[in-house]
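Everything in the sequence shown is counted per my numbering, starting at -13 for the first residue and increasing by one.
Below is one structure, written out as C-alpha cells; the observations come after it.
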Amino acid sequence: MKALSPRYSTLLEALFLAFPGSLFPGDLLYDVTRERGIHFVGVGISGGDPVTYVVPTHTSEAAAISLTNAQSVTFALRNPPPPPSSDLAVTVTASPNPVVSGQNMTFNVNVSNLGPSVAEDLVMTELTGQGANLYVNDGSGRFRDASAPSSLGALSLPYTGWGTTWFDFDNDGWLDLLIVNGTIVANERRTNQPFPYDQRKVLFRNLGNGRFENVTDRAGAAFTLSETGRGAAFGDIDNDGDVDVVVGNDAGRLRLLVNNIGNRSHWLGMRIVGKEGRDMLGARVAVIRSDGSKLWRRVRSDGSYGSANDPRVLVGLGRSAETPKVRVQWPSGHVEEWSDVAIDRWITLKEGSGR
Ligand SMILES: [Ca+2]
Ligand SMILES: [Ca+2]
-13 MKALSPRYST
-3 LLEALFLAFP
7 GSLFPGDLLY
17 DVTRERGIHF
27 VGVGISGGDP
37 VTYVVPTHTS
47 EAAAISLTNA
57 QSVTFALRNP
67 PPPPSSDLAV
77 TVTASPNPVV
87 SGQNMTFNVN
97 VSNLGPSVAE
107 DLVMTELTGQ
117 GANLYVNDGS
127 GRFRDASAPS
137 SLGALSLPYT
147 GWGTTWFDFD
157 NDGWLDLLIV
167 NGTIVANERR
177 TNQPFPYDQR
187 KVLFRNLGNG
197 RFENVTDRAG
207 AAFTLSETGR
217 GAAFGDIDND
227 GDVDVVVGND
237 AGRLRLLVNN
247 IGNRSHWLGM
257 RIVGKEGRDM
267 LGARVAVIRS
277 DGSKLWRRVR
287 SDGSYGSAND
297 PRVLVGLGRS
307 AETPKVRVQW
317 PSGHVEEWSD
327 VAIDRWITLK
337 EGSGR
C-alpha cells in the first residue's frame, strides 16, 4: 500500500486505509487519485466500519464506487467515461437521509434496477431511527434521494437493517425488499435479558409507482419472530421459480424462508455462464417483451450483509405467458441475444450460443 500524498484529505486516508489491500488490489484508487489530483469537497468521515460497493452506476459502464460508512455521511464517487481526461472529477452524489437530520450509520448497500431504466439504483440500510435510504439513478450517475417519497425511509425507521437484497418475491416484475434487522445496543426495558438485540424482519412490496408497502404482517409466521438478524442469503433453494431466503441470526437459529407465492406468476430463471461454464458475474441481462419493454438485471452474488446470494437471475413475468427475448451484455462488452426463451423453468444461457 503506497503512502498518500499530504495534499489528499484525511477523508481519503481514513476511508481507504480502513481496508488495506483487501478491496483494491494494485492500489487502483491510490494510483488514479494521485495521478489525477482528485480532491474531495464538502464531505467528512468520522471512522467506523466502511461498507463499500463497486458498481457501474451509470449507463456508460464507467467505474463508480459507492461508499457508505458507519457514523458518517454516505456518498458516491463517479469516474467519468474513459478515456480519462486531465480534469477528471469525483462527484459527490448522495446526501444525508432527509427523514432525519444529521448523519447516518449504514450497514448494507445493495444495487439493482428498480424500474425499467438500465441505470442501477442504491438502497442502504441504517441504524434504528434513521430509516433506509433509496437513491434512484437518473442514468447519468447522479442520484435522487427517494427515501421519503418511496416510503422506505419512514417504513424502516424502527429497525437497524443488515442483510437485504432486491428480489421479486411475488414475481410481478417489480423488485421488492426484505431486510433482516437487529439492534447493536440493548433494547430498552429488556436489558435483563441475555441478548436483547432482537427486531423483526420486514418485507416491503414494490407497488410499481415509486412507492412501497409494508407487507410484513402478511408474509408468514417467520416474520412474526423477533430475532437478531444479520445475514440474509437470497436464492431459489428449491428451484421452483421463486426466490427463497436463508436468514442468519446472531445468537439464534438459522432460518430458511421458503417462498410459497412467487411461482403463482410466470417467471424466467437463467444461469448466465461464460464459454468456460463459469457464472459470469457482472453480466447485464435484459428480458425484452413483445411490446419492447425491458426488465434489467445483473448477474451478481454480492450485496447482502455477510452473505452471498444465488448468482442465477430469476425474473418475474407476472401474468405474461409470452416467451421473451433475452439480451446479455457480457463483462467484455460483447452483446448476445436469444429469442423465444422458454419460461417457467430454469435454463442456462452460455456465451457464444446466442446470436
Ligand atoms: Ca414484486
Ligand atoms: Ca423457491
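We put the beta carbon where it would ideally sit given N, CA and C, even for glycine.
Bear in mind that the values here come from a model prediction, so they are computed numbers and not experimental data.
Q) Where does S339 land, buried or exposed, given buried means 16+ other C-beta within 10 angstroms? A) Sequence index remark: in the sequence shown, residue 339 carries index 353 (1-based). That one is exposed.
Q: Give a single yes or no on whether F220 has its beta carbon closer than 7 Å to a heavy atom of ligand 1.
A: As a working mapping, residue 220 is identified with position 234 in the sequence shown. Every heavy atom of ligand 1 is 7 Å or more from the Cβ of F220, so no.
Q: Indicate whether I258 and D265 have their beta-carbon atoms separated by less than 8 Å.
A: Numbered from its first residue, the sequence shown carries residue 258 at position 272. Numbered from its first residue, the sequence shown carries residue 265 at position 279. Yes. Within cutoff.
Q) Would you say the beta carbon of I223 comes nearer than 7 Å to a heavy atom of ligand 2? A) For this step, residue 223 is matched to residue 237 along the sequence shown. In this structure, ligand 2 has a non-hydrogen atom nearer than 7 Å to the beta-carbon of I223.
**Q.** Rounded straight-line distance, which links the Cα of Q315 to that of G217
**A.** Numbered from 1 along the sequence shown, position 231 holds the residue referred to as residue 217. Numbered from 1 along the sequence shown, position 329 holds the residue referred to as residue 315. If you take the alpha carbons of G217 and Q315, they lie about 30 Å apart.
(Q) If I measure Cβ to Cβ from L243 and keep anything under 7 Å in the same chain, skipping five residues before and after, which residues do I get? (A) Here residue 243 refers to the residue found at position 257 when the sequence shown is read from its first residue. Contacts found: A208, D230, V231 and V233.
(Q) Does F61 come out as helix, strand or coil in the three-state DSSP assignment? (A) For the purposes of this step, residue 61 is taken as the residue at position 75 of the sequence shown. Only weak support is given to the placement of F61: the predicted model assigns it a pLDDT of 45, under 50, and the value that follows is read from those uncertain coordinates. Three-state DSSP puts F61 in a strand.
Q) Cβ of A105 within 8 Å of Cβ of G125? A) For the purposes of this step, residue 105 is taken as residue 119 along the sequence shown, with counting starting at 1. For the purposes of this step, residue 125 is taken as residue 139 along the sequence shown, with counting starting at 1. Cβ atoms of A105 and G125: closer than 8 Å.
Q | Coil, strand or helix - T111 by DSSP | A | Sequence index remark: in the sequence shown, residue 111 carries index 125 (1-based). In this structure, T111 counts as strand in the three-state DSSP scheme.
Q) Are the beta-carbon atoms of R284 and G268 separated by less than 8 Å? A) Here residue 284 is taken as the residue at index 298 of the sequence shown, counted from 1. Here residue 268 is taken as the residue at index 282 of the sequence shown, counted from 1. Yes, the pair counts as a contact, with Cβ atoms nearer than the cut-off.
Q | Inter-residue CB distance, G304 and D158 (contact presumed, cutoff 8 Å) | A | Counted from its first residue, the sequence shown places residue 304 at position 318. Counted from its first residue, the sequence shown places residue 158 at position 172. Between G304 and D158 the beta-carbon gap is near 5 Å, inside 8 Å, which marks them as a contact.
Q) So what's R347 in DSSP terms, helix, strand or just coil? A) No statement about residue 347 is possible, as the shown extent of the chain runs from -13 to 341 and does not include it.
Q. Hey, quick one: how far does the alpha helix (DSSP H) through L243 stretch, first residue to last?
A. Counting from one through the sequence shown, the residue named residue 243 turns up at place 257. Per DSSP, L243 belongs to no alpha helix (DSSP H); it is in the beta strand (DSSP E), R241 to L243.
(Q) Let me check one thing: in DSSP terms, what residues is T334 bridge-paired to? (A) The residue given as residue 334 occupies position 348 in the sequence shown. Per DSSP, R257.
Q | Whole-Å CB distance - I165 paired with T111, under 8 Å assumed | A | Residue numbering aside, residue 165 sits at position 179 when the sequence shown is read from its first letter. Residue numbering aside, residue 111 sits at position 125 when the sequence shown is read from its first letter. Between T111 and I165 the Cβ distance is about 6 Å, and since that is below 8 Å, they are a contact.
Q. What residue does the alpha helix (DSSP H) around A272 start on, and which one ends it?
A. Here residue 272 corresponds to residue number 286 of the sequence shown, with the count starting at 1. Unbroken run through A272 is the beta strand (DSSP E), R270 to I274; no alpha helix (DSSP H).
Q. Where does G304 sit, in a helix, a strand or coil, going by DSSP?
A. Locating residue 304 in the sequence shown gives position 318, counting from the first residue. Strand, per DSSP.
Q.
Just to check my reading of the structure: G248 and R298 have Cβ atoms closer than 8 Å, yes? What is that Cβ distance to the nearest angstrom?
A. Residue 248 sits at position 262 when you count from the first residue of the sequence shown. Residue 298 sits at position 312 when you count from the first residue of the sequence shown. Not confirmed; about 14 Å, so no contact.
(Q) Taking 7 Å as the cut-off, is the C-beta of D228 nearer than that to any heavy atom in ligand 2? (A) Here the question's residue 228 lines up with position 242 in the sequence shown. Yes; taking the cut-off as 7 Å, the Cβ of D228 has a heavy atom of ligand 2 nearer than that.
Q.
Using DSSP's beta-bridge definition, name the partner residues of Y346.
A. It is not possible to answer for residue 346, since the shown part of the chain is limited to -13 through 341.
Q. Which residue from L100, E308, N99 and S142 puts its Cα closest to that of Q116?
A. Position 130 of the sequence shown holds residue 116. Nearest to Q116 by alpha-carbon distance, out of L100, E308, N99 and S142, is S142.
Q. Roughly how many angstroms lie between the CA atoms of V201 and I170, to the nearest whole one?
A. To locate residue 201, count along the sequence shown from 1; it is residue 215. To locate residue 170, count along the sequence shown from 1; it is residue 184. Rounded to whole angstroms, V201 to I170 spans 25 Å at the Cα level.
Q: For E308, count neighbouring Cβ atoms within 10 angstroms of its own Cβ and tell me buried if that reaches 16, exposed if not.
A: Looking up residue 308 in the sequence shown gives position 322. With fewer than 16 Cβ atoms within 10 Å of its Cβ, E308 is classed as exposed.
Q | First through last residue of the beta strand (DSSP E) which encompasses R130 | A | Within the sequence shown, numbered from 1, the residue matching residue 130 stands at position 144. Element bounds for R130: F129 to D131.
**Q.** Own chain partners of N83 with C-beta closer than 8 Å, once the 5 adjacent residues on each side are dropped
**A.** Along the sequence shown, one-based indexing puts residue 83 at 97. Residue placement at N83 cannot be trusted, given a pLDDT of 36 that sits under 50; the coordinates are not used to answer.
Q | Given S98 as reference, the closest of V271, D203, R313 and R331 once Cα atoms are compared | A | Position 112 of the sequence shown, counting from 1, holds the residue named residue 98. Here the closest residue by C-alpha is V271.
Q. Heavy atom of ligand 1 less than 7 Å from the Cβ of W160, yes or no?
A. As a position in the sequence shown, residue 160 is number 174, starting the count at 1. Yes - ligand 1 has a heavy atom lying nearer than 7 Å to the Cβ of W160.
(Q) Tell me the residue span of the beta strand (DSSP E) that contains G234. (A) Locating residue 234 in the sequence shown gives position 248, counting from the first residue. Note, G234: beta strand (DSSP E), D230 to N235.
Q | Residues bridged to H252 [DSSP beta-bridge criterion] | A | What you label residue 252 is simply residue 266 of the sequence shown in a count that begins at 1. Beta-bridge pairing links H252 to G304.
Q | Contact test: N99 Cβ vs ligand 1 heavy atom, cutoff 7 Å | A | On the sequence shown, position 113 is the one that residue 99 refers to. Closer than 7 Å to some heavy atom of ligand 1: that does not describe the Cβ of N99.
Q: Measure the CB-CB distance between K311 and V327 and report whether it falls below 8 Å.
A: As a position in the sequence shown, residue 311 is number 325, starting the count at 1. As a position in the sequence shown, residue 327 is number 341, starting the count at 1. Closer than 8 Å, so yes.
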